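Engineer: Sequence lines, in order, name chains Y and S.
Position 124, counted from 1, in the first sequence is what my numbering calls 124; the numbers after and before it change by one each time, with no gaps.
Each number in my numbering comes from the position in the second sequence (counting from 1) with 412 added on.
Backbone N, C-alpha and C define an ideal beta-carbon position, used for all residues, glycine too.
What you are looking at is a predicted structure, and each value in this text was computed from that prediction instead of being measured.
Here it is, the structure in full.
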Amino acid sequence: MTTRERTVVVTGLGATTPVGGDVATTWEGLLTGRSGVRALDERYAELPVRFAGQVAVDPSEVMDRVEARKLDRCQQLGLIAAREAWADAGSPEVDPLRLGAVVASGIGGIVSLLDNYDTLNTRGWSRVSPMSVPQLMPNGAAAWIGLDLGAKAGVHTPVSACASGAEAVGYALEMIRSGRADVVVAGGTEACIHPITVAAFAAMRALSTRNDEPERASRPYDKGRDGFVMGEGAGCLVLESEEHARARGARIYAEVAGVGLSADSHHIAQPDPDGAGAIRAIRAAIELAGADPSDVLHVNAHATSTPQGDIAEATALRAVLGADVDGVAVSGTKSMTGHLLGGAGAVESVAAILALHHRIAPVTANLDDPDDEIGLDVVSGEPRRLREGDAVVLNNSFGFGGHNVALAFRSI
Amino acid sequence: MSQQILEGLAAIVNEVAGTPIADITPEKSFVDDLDIDSLSMVEVVMACEDKFGVSIPDGEVKNLSTVGDAVTYIEKAGVTA
Chain Y
1 MTTRERTVVV TGLGATTPVG GDVATTWEGL LTGRSGVRAL DERYAELPVR
51 FAGQVAVDPS EVMDRVEARK LDRCQQLGLI AAREAWADAG SPEVDPLRLG
101 AVVASGIGGI VSLLDNYDTL NTRGWSRVSP MSVPQLMPNG AAAWIGLDLG
151 AKAGVHTPVS ACASGAEAVG YALEMIRSGR ADVVVAGGTE ACIHPITVAA
201 FAAMRALSTR NDEPERASRP YDKGRDGFVM GEGAGCLVLE SEEHARARGA
251 RIYAEVAGVG LSADSHHIAQ PDPDGAGAIR AIRAAIELAG ADPSDVLHVN
301 AHATSTPQGD IAEATALRAV LGADVDGVAV SGTKSMTGHL LGGAGAVESV
351 AAILALHHRI APVTANLDDP DDEIGLDVVS GEPRRLREGD AVVLNNSFGF
401 GGHNVALAFR SI
Chain S
413 MSQQILEGLA AIVNEVAGTP IADITPEKSF VDDLDIDSLS MVEVVMACED
463 KFGVSIPDGE VKNLSTVGDA VTYIEKAGVT A
């Protein structure tokens, strides 16, 4: 198995989310069930959805003003998460030619584009910002992070809607396994909350409309779930060949043991109700990890709180895990963060890795009346202790377009 | 050279590039001394046009290599505007 020739490990984590401005605060919030979803301002007053998960710490509080003005908000959040992850990894000395960055976004700098479109209409073309193209391009966050670190092995941006962040981690894994890089900063970022995007997702009838209770709107696996909740934020991981990490005495959180990728080819926005594509992705991640379904301890599920999506994923997990499904602690952390779209897979990978590292699974908030059709062992109420010993945890991400990504992390 | 225009330009360069105001003196080159790249220069020009009510065509921008060049140009353009 040539793809298993180099072992890849995680040595650094970073995140800025609606639940917290860094990994520690976010993790503490996910264990205690703290929602980051809040009502939006009056610009949303006429919309059917008037709430979202905005980041707990605005980037202006932690980023230099001159730097921030060049960057779209999604790029600011990505850079903040990347810097935290890099520092957490001990700011390793790396040959720039062996250092890469793979940072995804589902949508890119759409708010900067919209702001400049307003400028075009009100003040004419000569006042459109010369930074508007670097701000709107979906690879902008990856490019700025690559520049910040001096990464020259390759800078990449997978775009697969809500699977983007997970796909970035998978791409980074392959970069190191194939020998193209020794260290890669991988992650995902999104900051697209704007009346037009809220209206657009609402037009699909994809969003919860629980306006009177924003904090309780994202409720995966609950009978009362009525759609996802938009969120913003970013997550980043420092991936490193085990050899490189050991040589510098780095703290290792986990092995990135496998990535499974598949496509539904079923519908542009709806999941395959049989979960066939998701099954193939989850199975592939476990197999590439050299693991067995009985090794799976915990799943950070995609669990967006949509009526169909939660069922399709649960069907897929039951199919893959079989009789072992009952012992697997499943958490739906979007119940607290909202759905970070292209940032989701990265933030949820951070959470899955911390669950493995600390042997505790975060809660699924708002699960008051579990849907009988789910059939999973969902962690709710209190976080759950996980058994010690060799184990694998999974993170699932699925995106509009039928993209399925499953990541397997193993204890090391 | 107009001190008022110099101060206004210095505030703009500080806003765009973060250069300390005290370092923004007439002999300084935008590119070599003040970390103003071609994209930032567009921002500086746009802000100058708004602040001083002048027009600075693209063809003129390449002649404005120092802060002093820009102040002088704005001064003259303002008189003839």
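With 16 other CB atoms within 10 Å as the buried threshold, where does Y:H267 fall?
Structural biologist: exposed
Engineer: Taking buried to mean at least 16 other C-beta atoms within 10 Å of its own C-beta, is Y:T2 buried or exposed?
Structural biologist: Only weak support is given to the placement of Y:T2: the predicted model assigns it a pLDDT of 45, under 50, and the question is left unresolved by the model.
Engineer: Beta carbon of Y:S241, beta carbon of Y:I176: below 7 angstroms?
Structural biologist: It is a contact, given that the beta carbons lie within the stated cut-off.
Engineer: Along the chain, which unbroken stretches of the alpha helix (DSSP H) at least 4 residues long are found entirely within the region 68-128 of chain Y?
Structural biologist: 73-88, 110-123
Engineer: Could you compute how far the alpha carbon of Y:T26 sits from the alpha carbon of Y:I279?
Structural biologist: 29 angstroms
Engineer: Mind reading off the beta-carbon distance from Y:D72 to Y:S112? Whole number of angstroms is fine, and I expect it under 8 angstroms.
Structural biologist: 4 angstroms
Engineer: Examine chain S for any beta-carbon lying closer than 7 angstroms to the beta-carbon of Y:V66, and answer yes or no.
Structural biologist: yes
Engineer: So that I know if they touch, is there some Cβ in chain S lying closer than 7 angstroms to that of Y:P362?
Structural biologist: no
Engineer: Determine the direct distance from the alpha carbon of Y:A247 to that of Y:A85, and round the result to whole angstroms.
Structural biologist: 19 angstroms
Engineer: Please list, in chain order, the residues of the region 428-459 of chain S that have any C-beta partner in chain Y closer than 7 angstroms.
Structural biologist: Listed in chain order, the positions of the region 428-459 of chain S with a beta carbon within less than 7 angstroms of a beta carbon of chain Y are A429, G430, L451, V454, E455, M458.
Engineer: Between the alpha carbons of Y:I412 and Y:S129, how many angstroms are there, rounded?
Structural biologist: 48 angstroms
Engineer: Leaving out the 5 sequence neighbours to the left and right, which residues in its chain are closer than 6 angstroms to S:G430 when beta-carbon positions are compared?
Structural biologist: none
Engineer: Please give me, in chain order, every unbroken run of the beta strand (DSSP E) with length at least 3 that falls completely inside the region 256-330 of chain Y.
Structural biologist: Runs of the beta strand (DSSP E) spanning 3 or more residues and lying entirely within the region 256-330 of chain Y occur at 296-300, in chain order.
Engineer: Just how far apart, CA to CA, sit S:G480 and S:M413?
Structural biologist: 8 angstroms
Engineer: Roughly how many whole angstroms lie between the Cα atoms of Y:A15 and Y:V37?
Structural biologist: 17 angstroms
Engineer: According to DSSP, is Y:T3 helix, strand or coil?
Structural biologist: No answer about Y:T3 holds up, because its pLDDT of 45 lies below 50 and its placement is not dependable.
Engineer: What are the residues that DSSP puts in a beta bridge with Y:G146?
Structural biologist: None; Y:G146 has no bridge partner.
Engineer: Between the region 302-319 of chain Y and the region 218-237 of chain Y, do three or more beta carbon pairs fall short of 8 angstroms?
Structural biologist: yes
Engineer: Considering Cα atoms alone, identify which of Y:R6, Y:N395, Y:P18, Y:V23 is closest to Y:C413.
Structural biologist: Residue 413 of chain Y is absent from the structure shown; chain Y starts at 1 and stops at 412.
Engineer: Under 7 angstroms, Cβ to Cβ, is there at least one residue of chain S near Y:P130?
Structural biologist: Interface annotation, Y:P130: in contact with chain S, CB-CB separation under 7 angstroms.
Engineer: What residue from Y:R83, Y:E42, Y:A89 has the CA that sits closest to Y:V9's CA?
Structural biologist: Y:A89
Engineer: With a threshold of 16 other CB atoms inside 10 Å of the CB of Y:T333, please say whether the residue is buried or exposed.
Structural biologist: Answer is buried; the Cβ neighbour count reaches 16.
Engineer: Out of Y:P134, Y:Y253, Y:R123, Y:A56, which one is the CA nearest neighbour of S:L451?
Structural biologist: S:L451 has its Cα closest to that of Y:P134, out of Y:P134, Y:Y253, Y:R123, Y:A56.
Engineer: What does a CB cutoff of less than 6 angstroms around Y:I311 pick up in its chain, not counting 5 residues either side in sequence?
Structural biologist: Same-chain partners within the cutoff: E373.
Engineer: To the nearest angstrom, report how far apart Y:G401 and Y:G275 are at their CA atoms.
Structural biologist: 14 angstroms
Engineer: Would you kindly work out how many angstroms separate the C-alpha atoms of S:P469 and Y:A203, rounded to a whole number?
Structural biologist: 44 angstroms
Engineer: Report buried or exposed for Y:N395, applying the criterion of at least 16 other Cβ atoms within 10 angstroms of its Cβ.
Structural biologist: Result: buried.
Engineer: Nearest to Y:V201 by alpha carbon, out of Y:G170, Y:G227, Y:R210, Y:N211?
Structural biologist: The question names Val, yet the displayed sequence has Phe at residue 201 of chain Y. Residue Y:G227 is the option with its Cα nearest to Y:F201.
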